[in-house]
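Below is one structure, written out as structure tokens, with a few remarks after it.
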Amino acid sequence: MFKNPLIRFLSSIKLAIFLLLTLAATSILGTLIPQGEPLAFYFQRYGETLGQIIKFLKLYDAYHSWWYVTLLALFSVNLTLCSLKRLPFSLELFRRDPLAVDPEKLLRMPVAREVKLPGDFAAVAARIEKILGKRFGRLEKAAFADGVLFLKDRFRWSYFSVYVVHFSLLVIIAGAIIGAVFGFRGHITLMEGESTNQVLVQGRQHASIPLDFSIRCDKFYIDFYPNGMPKEYRSEVTILENGKEVTKAAIRVNDPFTYRGITFYQASYNTFAKVQLRLLKGPRQKELEVKPFSQALWPEEGIMVGLLDFQMAHGLPAARIWLSEKGEAPLSFWVLKGHPRRIELKSGPVVVVLEEAEPVYATGLQVKKDPGVPIVLTGFTLLILGIFAALFFAHQRYWVAILPAKNSVKVILAGFSPKARQKVAQVIEDLAEELQRVDGRSA
Numbered sequence: 001m002f003k004n005p006l007i008r009f010l011s012s013i014k015l016a017i018f019l020l021l022t023l024a025a026t027s028i029l030g031t032l033i034p035q036g037e038p039l040a041f042y043f044q045r046y047g048e049t050l051g052q053i054i055k056f057l058k059l060y061d062a063y064h065s066w067w068y069v070t071l072l073a074l075f076s077v078n079l080t081l082c083s084l085k086r087l088p089f090s091l092e093l094f095r096r097d098p099l100a101v102d103p104e105k106l107l108r109m110p111v112a113r114e115v116k117l118p119g120d121f122a123a124v125a126a127r128i129e130k131i132l133g134k135r136f137g138r139l140e141k142a143a144f145a146d147g148v149l150f151l152k153d154r155f156r157w158s159y160f161s162v163y164v165v166h167f168s169l170l171v172i173i174a175g176a177i178i179g180a181v182f183g184f185r186g187h188i189t190l191m192e193g194e195s196t197n198q199v200l201v202q203g204r205q206h207a208s209i210p211l212d213f214s215i216r217c218d219k220f221y222i223d224f225y226p227n228g229m230p231k232e233y234r235s236e237v238t239i240l241e242n243g244k245e246v247t248k249a250a251i252r253v254n255d256p257f258t259y260r261g262i263t264f265y266q267a268s269y270n271t272f273a274k275v276q277l278r279l280l281k282g283p284r285q286k287e288l289e290v291k292p293f294s295q296a297l298w299p300e301e302g303i304m305v306g307l308l309d310f311q312m313a314h315g316l317p318a319a320r321i322w323l324s325e326k327g328e329a330p331l332s333f334w335v336l337k338g339h340p341r342r343i344e345l346k347s348g349p350v351v352v353v354l355e356e357a358e359p360v361y362a363t364g365l366q367v368k369k370d371p372g373v374p375i376v377l378t379g380f381t382l383l384i385l386g387i388f389a390a391l392f393f394a395h396q397r398y399w400v401a402i403l404p405a406k407n408s409v410k411v412i413l414a415g416f417s418p419k420a421r422q423k424v425a426q427v428i429e430d431l432a433e434e435l436q437r438v439d440g441r442s443a
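What follows is the structure, given as structure tokens:
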């Protein structure tokens with residue numbers, strides 16, 4: 001399999017390094033370049049040439065772009081092939097019988113000691129086995145021609161901890177790709193009493209996508225500090241399905257609401273006004289309520305009126321109104337509370353009186369759907385476990401060979417660990433000191 005030139009290339013370390021560096025560089029670009037703005041923003045800020053590059057590479061939505069997803073997929077292939085390439089070697093090490101060793105050759109290992117003890121072989125071996133049992137617990141034992149070999153094999157399974165790390169990275173990447181392809185991030189602006197099922201999606205040039213349900217803003221509340229800064233704001237919302245109320249929720253800053261995998265965050269608010277107008281034309285008059293972004297009609301006179309702006313002027317409410325008759329161009333003007341405004345129309349003068357002005361809030365909700373989040377969290381959990389196993393459960397092997405010698409018993413101590421050599425050396429040294437106190441003649 002790995003003789004194929006393409007497979008060799010895809011499983012190479014050089015490709016892995018290149019992909020990691022490229023992903024890091026593009027992630028930095030995605031951080032430096034503002035995401036989710038209209039295309040005109042990038043042309044205005046970066047110029048025509050860079051604007052075209054940003055448009056072509058979709059750098060305005062880098063983490064959902066085709067090339068970023070392709071890089072993640074290619075890195076997944078590389079990581080999988082690298083793991084498969086190394087797996088046979090790890091399996092061979094795992095399956096190798098550590099007792100199939102020549103005791104005399106143990107002294108050639110990097111960590112090894114030889115101790116000679118007085119006494120009878122059988123008595124010394126029994127004392128040593130007891131000491132080893134207390135130190136290591138359960139042991140493996142093998143007899144050979146004229147001696148005995150004890151083995152303690154610790155954390156042998158840690159050969160595969162690196163594969164847990166590799167697999168966790170694949171799980172994280174899979175979650176990221178799923179989130180990039182099937183998720184979205186957008187926002188909704190709702191006046192009190194309004195409902196919608198459309199989300200203005202960021203990073204897709206402000207396209208809107210429909211939800212399977214509607215969300216209605218029932219009420220918006222805001223509290224202020226004494227200096228006038230907002231202290232807390234929250235939205236009381238209702239979820240509607242097929243026109244029926246399903247559930248209600250309160251959305252606060254840092255206290256989002258999730259429904260059917262879609263999370264709503266309290267992000268911002270805007271202040272508008274609802275005004276009460278009284279129109280007088282000759283002996284006739286009409287009370288009209290005008291809401292933001294809407295218009296009101298005096299049908300008997302054919303007069304249409306709407307609200308353009310609202311401000312406080314010298315402590316008095318001031319509304320900018322537009323007013324028109326049938327077939328005539330609209331006229332816009334300001335009117336203050338307590339100061340009626342006379343407007344000349346083709347059919348005669350109209351007096352506009354601002355009776356009341358009531359603030360109306362619009363809540364700004366950030367909307368997020370990321371079906372890959374549970375998968376990514378699972379991947380990070382596996383990653384932590386894999387790294388923890390690799391760092392703190394390094395494979396360790398300890399051999400103790402007991403052989404008869406002239407007027408004594410020879411004990412060979414040896415240890416091996418690919419990552420914890422210093423610890424193994426200390427264990428062997430401590431064990432050698434303990435065994436030197438063994439006297440088989442007193443057994």
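Going by UniProt numbering, 266 is the number at position 266 of the sequence shown; the sequence numbering is gapless. All C-beta atoms in this analysis are idealised placements derived from N, C-alpha and C, irrespective of residue type, glycine included.
Worksheet item: Under 9 Å between the Cβ atoms of L413 and L435?
Response: Against the sequence shown, residue 413 aligns to sequence position 413. Against the sequence shown, residue 435 aligns to sequence position 435. Yes, the pair counts as a contact, with Cβ atoms nearer than the cut-off.
Discussion item. Checking the sheet assignment: what are the DSSP bridge partners for M312?
Written reply: Residue mapping note: residue 312 aligns to position 312 of the sequence shown, counting from 1. Partner(s): P317.
Worksheet item: Using the C-alpha atoms, what's the distance from V246 back to A273?
Response: As a first step, residue 273 must be located in the sequence shown, where it is residue number 273. As a first step, residue 246 must be located in the sequence shown, where it is residue number 246. The straight-line gap from Cα to Cα measures roughly 30 Å.
Worksheet entry | DSSP-derived helix/strand/coil call for L21 | Position 21 of the sequence shown, counted from the start, is the residue given in the question as residue 21. Residue state, collapsed to three classes: helix.
Item to complete: Count the C-beta pairs between the stretch 170-186 and the stretch 376-392 that are closer than 8 Å, then say yes if the count reaches three, no if not.
Response: yes
Worksheet entry | Three or more C-beta pairs below 8 Å linking the stretch 212-230 and the stretch 395-402 | no
Practice prompt. Label residue 450 either buried or exposed according to how many other C-beta atoms from any shown protein chain fall within 10 Å of its C-beta, with 16 as the threshold for buried.
Written response: Since the first and last residues shown for the chain are 1 and 443, residue 450 lies out of range.
Worksheet item: How long is the line joining the alpha carbons of I131 and A389, rounded to whole angstroms?
Response: Start at 1 with the first residue of the sequence shown, and residue 131 comes out as number 131. Start at 1 with the first residue of the sequence shown, and residue 389 comes out as number 389. Distance between the alpha carbons of I131 and A389 is about 28 Å.
Practice prompt. Throw me the rounded Cβ distance for the G183 and K369 pair, which I believe falls under 8 Å.
Written response: Here residue 183 is taken as the residue at index 183 of the sequence shown, counted from 1. Here residue 369 is taken as the residue at index 369 of the sequence shown, counted from 1. Their Cβ separation, rounded to whole angstroms, is 5 Å, which keeps G183 and K369 in contact under 8 Å.
Fill in: Residue range of the unbroken beta strand (DSSP E) whose run includes L413
Against the sequence shown, residue 413 aligns to sequence position 413. It spans 408-416 - the beta strand (DSSP E) in which L413 sits, taken as one unbroken run.
Worksheet item: For the beta strand (DSSP E) that E114 lies in, which residues bound it at each end?
Response: The residue labelled residue 114 in the question sits at position 114 within the sequence shown. From DSSP, the beta strand (DSSP E) with E114 extends over 111-117.
Worksheet item: Distance, Cα to Cα, M69 vs R234?
Response: Taking the first residue of the sequence shown as position 1, residue 69 is located at position 69. Taking the first residue of the sequence shown as position 1, residue 234 is located at position 234. According to the sequence provided, residue 69 is Val. The question's Met does not apply to it. Spanning the two alpha carbons is a distance of roughly 36 Å.
Discussion item. S324 and I303 - do their beta-carbons sit closer together than 9 Å?
Written reply: The residue you call residue 303 lines up with position 303 of the sequence shown. The residue you call residue 324 lines up with position 324 of the sequence shown. Cβ atoms of I303 and S324: closer than 9 Å.
Worksheet item: How is L39 classed by DSSP in three states: helix, strand or coil?
Response: For the purposes of this step, residue 39 is taken as the residue at position 39 of the sequence shown. L39 falls in the helix class under three-state DSSP.
Fill in: Other residues of its chain near G282: CB distance less than 8 Å, five sequence neighbours each side excluded
Counting from 1 along the sequence shown, the entry for residue 282 is found at position 282. Closer than 8 Å at the Cβ level, and outside the excluded window around G282, lie G348.
Discussion item. Would G186 and V367 qualify as a contact pair, given that the criterion is a beta-carbon distance under 9 Å?
Written reply: One-based indexing of the sequence shown puts residue 186 at position 186. One-based indexing of the sequence shown puts residue 367 at position 367. In contact: G186 and V367 (Cβ atoms closer than 9 Å).
Discussion item. What does the alpha-carbon distance come out to for the pair R284 and E300?
Written reply: As a first step, residue 284 is located in the sequence shown; it is residue number 284 there, counting from the start. As a first step, residue 300 is located in the sequence shown; it is residue number 300 there, counting from the start. Between R284 and E300, the C-alpha separation is close to 10 Å.
Fill in: Range covered by the alpha helix (DSSP H) that runs through I375
Locating residue 375 in the sequence shown gives position 375, where the first residue counts as 1. Run containing I375: 373-392, per the alpha helix (DSSP H) assignment.
Fill in: Other residues of its chain near L10: CB distance less than 7 Å, five sequence neighbours each side excluded
Residue numbering aside, residue 10 sits at position 10 when the sequence shown is read from its first letter. Correct list, in chain order: V77, N78, L81.
Practice prompt. List the DSSP bridge partners of Y259.
Written response: Locating residue 259 in the sequence shown gives position 259, counting from the first residue. DSSP, once it has assigned bridges, lists I262 as partnering Y259.
Practice prompt. Measure the alpha-carbon distance for S257 versus P359 and round it to whole angstroms.
Written response: Position 257 of the sequence shown, counted from the first residue, corresponds to residue 257. Position 359 of the sequence shown, counted from the first residue, corresponds to residue 359. Per the sequence shown, the amino acid found at residue 257 is Phe instead of Ser. Cα to Cα, F257 sits roughly 26 Å from P359.
Worksheet item: Starting from I173 and walking both ways along the alpha helix (DSSP H), at which residues does that stretch end?
Response: By 1-based counting over the sequence shown, the position of residue 173 is 173. Here the alpha helix (DSSP H) through I173 covers 161-182.
Worksheet item: On the three-state DSSP scale, how would you describe I343?
Response: Here residue 343 refers to the residue found at position 343 of the sequence shown. Of the three classes helix, strand and coil, the one that applies to I343 here is strand, per DSSP.
Worksheet item: Near T271, which residues of its chain fall below 7 Å by C-beta distance, leaving aside the five closest residues on each side in sequence?
Response: Numbered from 1 along the sequence shown, position 271 holds the residue referred to as residue 271. Closer than 7 Å at the Cβ level, and outside the excluded window around T271, lie P359, Y361.
Worksheet entry | Element boundaries [beta strand (DSSP E), containing R216] | Within the sequence shown, numbered from 1, the residue matching residue 216 stands at position 216. Per DSSP, R216 belongs to the beta strand (DSSP E) from 208-224.
Worksheet entry | K55 in three-state terms, based on DSSP | Here residue 55 is taken as the residue at index 55 of the sequence shown, counted from 1. In the structure shown, K55 sits in a helix (DSSP, three-state: H, G or I).
Discussion item. Using a 10 Å radius around the Cβ and a threshold of 16 neighbouring Cβ atoms, would you call V181 buried or exposed?
Written reply: Taking the first residue of the sequence shown as 1, we reach residue 181 at position 181. Exposed.
Worksheet item: Under the rule that 16 or more other beta-carbon atoms within 10 Å means buried, what is W67, buried or exposed?
Response: The count along the sequence shown starts at 1 and reaches residue 67 at position 67. Per the 10 Å Cβ criterion, exposed.
Worksheet entry | Assigned secondary structure, F150 (DSSP; H/G/I helix, E/B strand, else coil) | One-based indexing of the sequence shown puts residue 150 at position 150. It is a strand residue.
Worksheet item: Taking 8 Å as the cut-off, is the CB of W334 close to at least one heavy atom of the ligand NAD?
Response: Inclusion of the ligand NAD in the displayed structure is not the case, the ligand content being empty and no account of it being possible.
Discussion item. Taking 7 Å as the limit between beta carbons, can you name the residues of its chain near F43, skipping five residues before and five after?
Written reply: As a first step, residue 43 must be located in the sequence shown, where it is residue number 43. The answer, listed in chain order, is G51.
Discussion item. Which residue wins for smallest C-alpha separation from D120, given the options V411, D430, P418?
Written reply: Here residue 120 is taken as the residue at index 120 of the sequence shown, counted from 1. The candidate whose alpha carbon is nearest that of D120 is V411.
Fill in: Local Cβ density within 10 Å of V253, reported as buried at 16 or more and exposed below that
Here residue 253 refers to the residue found at position 253 of the sequence shown. Burial call: exposed.
Worksheet item: Hey, quick one: how far does the beta strand (DSSP E) through V400 stretch, first residue to last?
Response: If you number the sequence shown from 1, residue 400 lands on position 400. Unbroken beta strand (DSSP E) run through V400: 396-405.
Worksheet entry | DSSP three-state assignment for S11, whether helix, strand or coil | Start at 1 with the first residue of the sequence shown, and residue 11 comes out as number 11. S11: coil per DSSP, three-state reduction.
Worksheet item: Excluding the five sequence neighbours on either side, which residues of its own chain have a C-beta within less than 7 Å of the C-beta of A267, listed in chain order?
Response: By 1-based counting over the sequence shown, the position of residue 267 is 267. The residues are H187, G364, L365, Q366.
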